[in-house]
Amino acid sequence: MLSDAQKAFYQDNGYLMVEDAVTPQQLARLQEITYRLIDASRDVGESDEVYDLDKGHSRDTPRLTRIKLPHKRDPCFWEILAQSQVTEVLTDLLGPDTSIITSKLNTKAPGGGAAVEWHQDWAFYPHTNDDLLAFGLMLEDVDEANGPLMVIPGTHKGPLLSHHMNGVFAGAIDPDDPLFQRDKAVTLTGKAGSMTVHHCRTLHGSAPNVSDRARLILFYECASADAWPILGASSYIHELGQRRFWADLQDRMVTGQPCLEPRLEQVPVRMPLPPAPDNSSIFKTQESAGARSAFS
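Letter by letter, the sequence shown follows residues 1 to 296 in this note's numbering.
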């Protein structure tokens, strides 16, 4: 799927844009399911295991920040990851054995949909090595006005910036951090069906949606099978116990087989602890910890 030049660009810059990552038929199906899920949120009064509600959400005007774990809401979302051109990109970059960490459908609402402050995914879930990435599949056109993803090239090779504030893990960096080079940011816009890729250590964020159109991006966060979680969103082995964790691990395999010999690399790690007062989502983590906005 990817050319040698695209692979080299990703390795050098920590991000990539892939056009036409899904077929028109696949895109139409994803759009249909997404709008059906958004419509079903009209009767939801508070955030739950499926929806994160945005401010101003109502039956007449559903406003969401996120649909959680879409790959568990409809099989089409899993098929796109496991049986499409997206799968080819995944194995091109991470090898034949891969697993999913999580998925989310960020539905940034029109007219001020919440920003995602600058952060590195790695801060949330350190692993034994950093062969992890996130796909961002655009389900509608994304332009400068509706809160596109922004990345800072090359930061995947640099340090892990502090994501702590007020004594807790805030899930965002301090905009005044001297290592934060905002002037080097690249904005990733594209047509529906395009897909961004960013390395787990690439610094990224997105501004509020000030347009009159929703910004719908389907995110898959994936890992090489030999990258084992140290702590964070995917490290729930202690809660499940060994038998249930082993079953869950097999269920999360996208391609290939689980790996029982973690690959250990010299990577920067700082534990995402203590937790923020509300760590139920990145939005709540950043808000409740008092993260300072780089977009205000």
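The beta-carbon is built from N, C-alpha and C at its ideal position, and this holds for glycine as well.
By DSSP's assignment, P75 forms no beta bridge with any residue. Between F135 and A276 the beta-carbon gap is near 26 Å, outside 8 Å, which marks them as no contact. Taken through DSSP and simplified to helix, strand or coil, I217 comes out as strand. Taken through DSSP and simplified to helix, strand or coil, W246 comes out as helix. Following the DSSP letters along the chain, one finds T65 inside the beta strand (DSSP E) bounded by residues 64-68. Across the structure, D278 and Q286 are spaced so that their CA atoms are roughly 9 Å apart. Taking a C-beta distance under 8 Å as the contact criterion, A115 and G95 do not qualify as a contact pair. The count of Cβ pairs closer than 8 Å, one atom from the region 183-200 and one from the region 117-133, reaches three, so the stretches are in contact. Within the model, the alpha-carbon separation for V210 versus H204 is close to 19 Å.
Collapsing the DSSP output to three states places I173 in coil.
Within the DSSP bridge table, the entry for H156 names no partner. In this structure, the straight-line span from the alpha carbon of M165 to that of S293 is close to 12 Å. Distance from the CA of E221 to the CA of I101, rounded to the nearest whole angstrom, comes to 5 Å.
For T107, the uninterrupted beta strand (DSSP E) run begins and ends at 98-108, by DSSP. For W118, the three-state secondary structure derived from DSSP is strand.
Per DSSP, A134 is one residue of the beta strand (DSSP E) stretching across 132-138. A direct Cα-to-Cα measurement between T91 and G112 gives close to 36 Å.
Under the three-state reduction of DSSP output, L149 falls in the strand class.
Apart from the 5 residues on each side of it in sequence, M271 sits with its Cβ closer than 6 Å to the Cβ of L231 in its chain, given in chain order.
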